[in-house]
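Numbering (my numbering), first residue to last: 22 to 217.
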C-alpha cells in the first residue's frame, strides 16, 4: 500500500501579521504595567522621603521642648527675657530657654517664615528676649524640596496648687515643592516638664 504525502503549506502573510499584532499588543501591555509600577514606586519614594524628614524634625522638637525652663542652679525655671511663661508661644512660633552649663543658656525658637520652618538657637550667659533669640535662623528642610504650609502651636495651661505647667500641641503640614500632590500632616503633643 503506497502512502500519499500530504501537501504542506507555509504560513500566510495574514497569519504573520496577526502574530506580529498579538506580540505587539502583549509587549505594549507589559510595558504599560512596568511604567505604571515605576511611577507608583517613584511616588511612594517621594512620600516616604517627606514623611521621614517631617518625623525627624518633630522628634527633635519634642525632645528639645522638654528641656524648656531647666535651670539646674536656681530654684525657679528659666524663661526668655520678657516672657510670662516658660514656653513663649504664638500661632506659628514657639520659643524657650534652658541652662546648658553654669555659665551658658541655650535660647531656642522654632518659627514658620515664608513657608519654611526655621530653627533659631543662640547660647548666651543669660536669657535673651524673643526678638534676639529669633535671629540667625536656618531652615529645617531643604527649601528647594519641601514647603511647609502650616505650623500651628497651641498651649493649654495645667495648674497645680501653687505651680503651673502647660500642655503643648504642635501641628505641621508640608508638601513637596515640585509636586504639591504629595503632602503630609503631622502633630505632636508634649507636656512641659519644668513647672513655673
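Every residue gets a Cβ at the ideal spot worked out from N, C-alpha and C, and that includes glycine.
Practice task
Could you name each continuous alpha helix (DSSP H) segment of 4 residues or more that falls completely within the stretch 133-167, going from the start of the chain to the end?
Solution key: The stretch 133-167 contains these whole alpha helix (DSSP H) runs: 151-154.
Handout entry: Any non-hydrogen atom of the ligand SAM closer than 6 Å to residue 108 Cβ
Key = By its list of ligands, the structure shown contains no ligand whatsoever, and the ligand SAM lies outside what it can speak to.
Exercise for the section: Assuming residue 86 and residue 211 form a contact by the criterion Cβ under 8 Å, report the distance between their Cβ atoms to the nearest whole angstrom. Expected result: Their Cβ separation, rounded to whole angstroms, is 5 Å, which keeps residue 86 and residue 211 in contact under 8 Å.
Exercise for the section: Decide yes or no for the touch test of the stretch 110-118 against the stretch 168-187: beta carbon pairs closer than 8 Å, at least 3 of them. Expected result: Judged by Cβ distances under 8 Å, the stretch 110-118 makes contact with the stretch 168-187, as three or more pairs qualify.
Exercise for the section: Output yes or no for whether 7 Å exceeds the beta carbon distance between residue 138 and residue 161. Expected result: One thing to note: residue 138 has its Cβ within 7 Å of the Cβ of residue 161.
Practice task
Could you please give me the residues that DSSP links to residue 193 through a beta bridge?
Solution key: Beta-bridge pairing links residue 193 to 172, 207.
Problem - Outcome for residue 38 when other beta-carbon atoms lying within 10 angstroms are tallied against a minimum of 16 - result: Exposed, because fewer than 16 other Cβ atoms sit within 10 Å of the Cβ of residue 38.
Problem - Residues near residue 168 in its chain [Cβ-Cβ closer than 7 Å; skip 5 each side] - result: So the list reads 136, 195, 196, 198, once near-sequence residues are dropped.
Exercise for the section: Determine, using beta-carbon pairs with one atom in the stretch 137-154 and one in the stretch 86-98, whether at least three such pairs fall under 8 Å. Expected result: Touching, no, given that fewer than three Cβ pairs across the two stretches are closer than 8 Å.
Handout entry: Backbone secondary structure at residue 101 - three-state DSSP
Key = Secondary structure of residue 101 (DSSP, three-state): coil.
Exercise for the section: Would you identify the three-state DSSP class for residue 187, choosing helix, strand or coil? Expected result: In this structure, residue 187 counts as strand in the three-state DSSP scheme.
Exercise for the section: Using beta-carbon positions only, say whether residue 237 and residue 149 come within less than 7 Å of one another. Expected result: The displayed coordinates of the chain run from 22 to 217. Any statement about residue 237 would go beyond what the structure contains.
Practice task
Please report how far the alpha carbon of residue 125 lies from the alpha carbon of residue 187, in whole angstroms.
Solution key: If I take the Cα positions, the gap works out to 25 Å.
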